[in-house]
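Asker: Numbering (full-length UniProt numbering), first residue to last: 1 to 365. Using N, Cα and C, we set each Cβ at its ideal position, and we do this for glycine too.
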């Protein structure tokens, strides 16, 4: 009997859960189990490319698909770098560095956004279809920023990626509160609530140092957060997105960074709306009796942290993986983190000023 597990979810949820618990308890057995799975993931990389197979077979050979969401190959770096650092095995970071570099150079669309899916053809991964900042590509942006945070901002290339993402976000997503999607490499604007997680990602990427630019940066994010909240509150019972954690994570990050109590008020409205969807025994996806794993690991965790003291899992000390598991920031300089010049991803050259959003550019979904 063969048992195949999805590489991304195994890494972010199972390995991530074990590592997050280890970071808070120091229980060596948790690290041992994470290491076993981590080595299976690492052994599943394609020899001719710095790419992982999208399924790991825990009982035999690994397998791969020919068309997969970008997140399935690009959402691994933070977890495996942290695991490698704990184990003292440099090959984890080496493999993730090669993978991140390949993604930056090979699968960026135009203008500076990732393809949601990639296709394996003749031993090379090719962008396929739509580009966006949404779920199928979003954790890749998230990890390029969090990789920098994990090493206390010393990875300049990751920091430059954060800057470019900020500009892409304000130039395209902020316009009339619609996420940019690129179909056949042409921009088509469509509403996409899943991109509300990008608020937190952009905030973690860092606000401008200039006081006026910084004020405009946070003003823009708050306006968009209000619109995301309106979209959340207007969801009807049965919407499959109703329990997802991304807005809760963004509110938590923005509260911790700004101290603006408006974000706690938004979180309270989220809590009240979620409570109205409760069924006997808990919360389930429509048409099922299954409570989603991310509800406790992420949605409720971020809502709790939104109202907890700032010293609880402080953002100066921890970075959260894409499944909500906390890793201590590595404040010892890794020998292989290199300085780099500004990277203009996918040929996208960002402007140096934060654009002021006009009221007419934002409207309720």
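Looking only at its own chain, which residues have a Cβ that is under 7 Å from the Cβ of residue 37, when we skip the five neighbours before and after it?
Answerer: The residue you call residue 37 lines up with position 37 of the chain shown. 10, 14 and 15.
Asker: What is the rounded straight-line gap between the Cα of residue 104 and the Cα of residue 276?
Answerer: Position 104 of the chain shown, counting from 1, holds the residue named residue 104. Position 276 of the chain shown, counting from 1, holds the residue named residue 276. Cα to Cα, the separation comes out at about 42 Å.
Asker: Considering residue 319, what are the terminal residues of the beta strand (DSSP E) in which it resides?
Answerer: To locate residue 319, count along the chain shown from 1; it is residue 319. 318-320 is the extent of the beta strand (DSSP E) around residue 319.
Asker: Can we say the segment 75-91 touches the segment 140-149, given the rule of at least three CB pairs closer than 8 Å?
Answerer: Yes: at least three Cβ pairs fall under 8 Å.
Asker: Per DSSP, what are the beta-bridge partners of residue 220 in this structure?
Answerer: Position 220 of the chain shown, counted from the start, is the residue given in the question as residue 220. According to DSSP, which records beta bridges pairwise, residue 220 is partnered with nothing at all.
Asker: Please determine if the segment 318-327 and the segment 264-282 are in contact, where contact requires at least 3 C-beta pairs separated by less than 8 Å.
Answerer: Contact fails: fewer than three Cβ-Cβ distances are below 8 Å.
Asker: Smallest Cα separation from residue 253: which of 272, 93, 231 and 201?
Answerer: Numbered from 1 along the chain shown, position 253 holds the residue referred to as residue 253. It is 201.
Asker: Could you pull out every residue in the same chain whose Cβ sits closer than 8 Å to the Cβ of residue 7, ignoring the five residues on either side in sequence?
Answerer: By 1-based counting over the chain shown, the position of residue 7 is 7. Within the same chain, residue 7 has close Cβ partners 41, 44, 52, 53, 54, 55, 56, 72, 73 and 76.
Asker: Expressed to the nearest angstrom, what Euclidean distance is found between the alpha-carbon atoms of residue 27 and residue 21?
Answerer: Position 27 of the chain shown, counted from the start, is the residue given in the question as residue 27. Position 21 of the chain shown, counted from the start, is the residue given in the question as residue 21. When rounded, the distance between both Cα atoms is 8 Å.
Asker: Hey, is residue 6 close to the ligand GTP, as in C-beta under 6 Å from one of its heavy atoms?
Answerer: Annotation note on the ligand GTP: not contained in the displayed structure, which lists no ligands.
Asker: By the 10 Å Cβ neighbour count, where 16 or more other Cβ atoms means buried, how is residue 290 classified, buried or exposed?
Answerer: The count along the chain shown starts at 1 and reaches residue 290 at position 290. Label assigned to residue 290: exposed.
Asker: Ignore the nearest five residues each way along the sequence and tell me which others in residue 96's own chain have a CB closer than 6 Å to its CB.
Answerer: Within the chain shown, the letter at position 96 stands for residue 96. Same-chain partners within the cutoff: 77, 80 and 81.
Asker: Rank 117, 261 and 203 by C-alpha distance to the C-alpha of residue 164 and give the top, closest one.
Answerer: To locate residue 164, count along the chain shown from 1; it is residue 164. Taking only the C-alpha atoms, the option nearest residue 164 is 203.
Asker: Which residue's Cα is closest to the Cα of residue 196: 293, 312 and 229?
Answerer: Working through the chain shown from its first residue, we reach residue 196 at position 196. When each option's Cα is compared against that of residue 196, the closest is 229.
Asker: From residue 18 to residue 212, what distance separates their C-alpha atoms?
Answerer: Sequence index remark: in the chain shown, residue 18 carries index 18 (1-based). Sequence index remark: in the chain shown, residue 212 carries index 212 (1-based). Computed Cα separation, rounded: 42 Å.
Asker: Report all residues from its chain with a CB closer than 8 Å to the CB of residue 302; omit the five preceding and five following residues, and keep chain order.
Answerer: In the chain shown, counting from the first residue as 1, residue 302 sits at position 302. Excluding residues within five positions, the ones whose Cβ falls inside 8 Å are 245, 248, 249, 251, 252 and 324.
Asker: Using only alpha-carbon positions, find the residue among 327, 331 and 332 that is nearest to residue 31.
Answerer: Working through the chain shown from its first residue, we reach residue 31 at position 31. When each option's Cα is compared against that of residue 31, the closest is 327.
Asker: What would DSSP say about residue 314, mapped onto helix, strand or coil?
Answerer: Locating residue 314 in the chain shown gives position 314, where the first residue counts as 1. Coil.
Asker: Based on the DSSP secondary-structure assignment, which residues constitute the bridge partners of residue 5?
Answerer: Taking the first residue of the chain shown as 1, we reach residue 5 at position 5. Answer by DSSP bridge pairing, in chain order: 56.
Asker: Look at the Cβ atom of residue 304, then the Cβ atom of residue 258, and state whether they are nearer than 7 Å.
Answerer: On the chain shown, residue 304 is found 304 positions in, with the first residue counted as 1. On the chain shown, residue 258 is found 258 positions in, with the first residue counted as 1. Going by C-beta atoms, residue 304 is not nearer than 7 Å to residue 258.
Asker: Taking the Cβ atom as the reference point for each residue, do residue 83 and residue 152 lie within a distance shorter than 7 Å?
Answerer: The residue labelled residue 83 in the question sits at position 83 within the chain shown. The residue labelled residue 152 in the question sits at position 152 within the chain shown. No, these two residues do not count as a Cβ contact at 7 Å.
Asker: Take residue 311 as the anchor and find which of 255, 331 and 332 has the nearest alpha-carbon.
Answerer: One-based indexing of the chain shown puts residue 311 at position 311. Nearest option by C-alpha distance: 255.
Asker: Thinking residue 199 and residue 231 are a contact (beta carbons under 8 Å), I'd like their distance in whole angstroms, please.
Answerer: On the chain shown, residue 199 is found 199 positions in, with the first residue counted as 1. On the chain shown, residue 231 is found 231 positions in, with the first residue counted as 1. Not really, about 12 Å apart at Cβ, beyond 8 Å.
Asker: For residue 234, is the classification buried or exposed, using 16 other Cβ atoms within 10 angstroms of its Cβ as the cut-off for buried?
Answerer: Counting from 1 along the chain shown, the entry for residue 234 is found at position 234. So residue 234 counts as exposed.
Asker: Is residue 140 helix, strand or coil when you go by DSSP?
Answerer: Position 140 of the chain shown holds residue 140. Here residue 140 sits in helix by DSSP.
Asker: Once DSSP output is grouped into helix, strand and coil, what is the label at residue 279?
Answerer: Reading the chain shown from its first residue, position 279 is the one you call residue 279. Here residue 279 sits in strand by DSSP.
Asker: Can you check whether the CB of residue 137 is closer than 7 Å to the CB of residue 114?
Answerer: On the chain shown, residue 114 is found 114 positions in, with the first residue counted as 1. On the chain shown, residue 137 is found 137 positions in, with the first residue counted as 1. It is a contact, given that the beta carbons lie within the stated cut-off.
Asker: Going by DSSP in three states, residue 309 sits in which element: helix, strand or coil?
Answerer: Locating residue 309 in the chain shown gives position 309, where the first residue counts as 1. Here residue 309 sits in coil by DSSP.
Asker: By how many angstroms is the C-alpha of residue 167 removed from the C-alpha of residue 279?
Answerer: The sequence position of residue 279 within the chain shown is 279, counting from 1. The sequence position of residue 167 within the chain shown is 167, counting from 1. Rounded to whole angstroms, residue 279 to residue 167 spans 41 Å at the Cα level.
Asker: Excluding the 5 residues preceding and the 5 following residue 308 in the sequence, name in chain order all residues of the same chain whose CB lies nearer than 7 Å to its CB.
Answerer: Position 308 of the chain shown, counted from the start, is the residue given in the question as residue 308. There are no such residues.
Asker: Helix, strand or coil: how does DSSP classify residue 328 here?
Answerer: Along the chain shown, one-based indexing puts residue 328 at 328. DSSP places residue 328 in strand when its eight states are reduced to three.
Asker: Tell me, which residues are paired with residue 45 by DSSP?
Answerer: Position 45 of the chain shown, counting from 1, holds the residue named residue 45. According to DSSP, which records beta bridges pairwise, residue 45 is partnered with 52.
Asker: Helix or strand or just coil, what does DSSP make of residue 401?
Answerer: Because the chain in this structure spans residues 1 to 365, residue 401 falls outside the shown range and cannot be described.
Asker: Express the C-alpha separation of residue 148 and residue 100 in angstroms, rounding to a whole number.
Answerer: Counting from 1 along the chain shown, the entry for residue 100 is found at position 100. Counting from 1 along the chain shown, the entry for residue 148 is found at position 148. If you take the alpha carbons of residue 100 and residue 148, they lie about 12 Å apart.
Asker: Under a three-way DSSP split, which group does residue 213 fall into?
Answerer: By 1-based counting over the chain shown, the position of residue 213 is 213. Three-state DSSP puts residue 213 in a helix.
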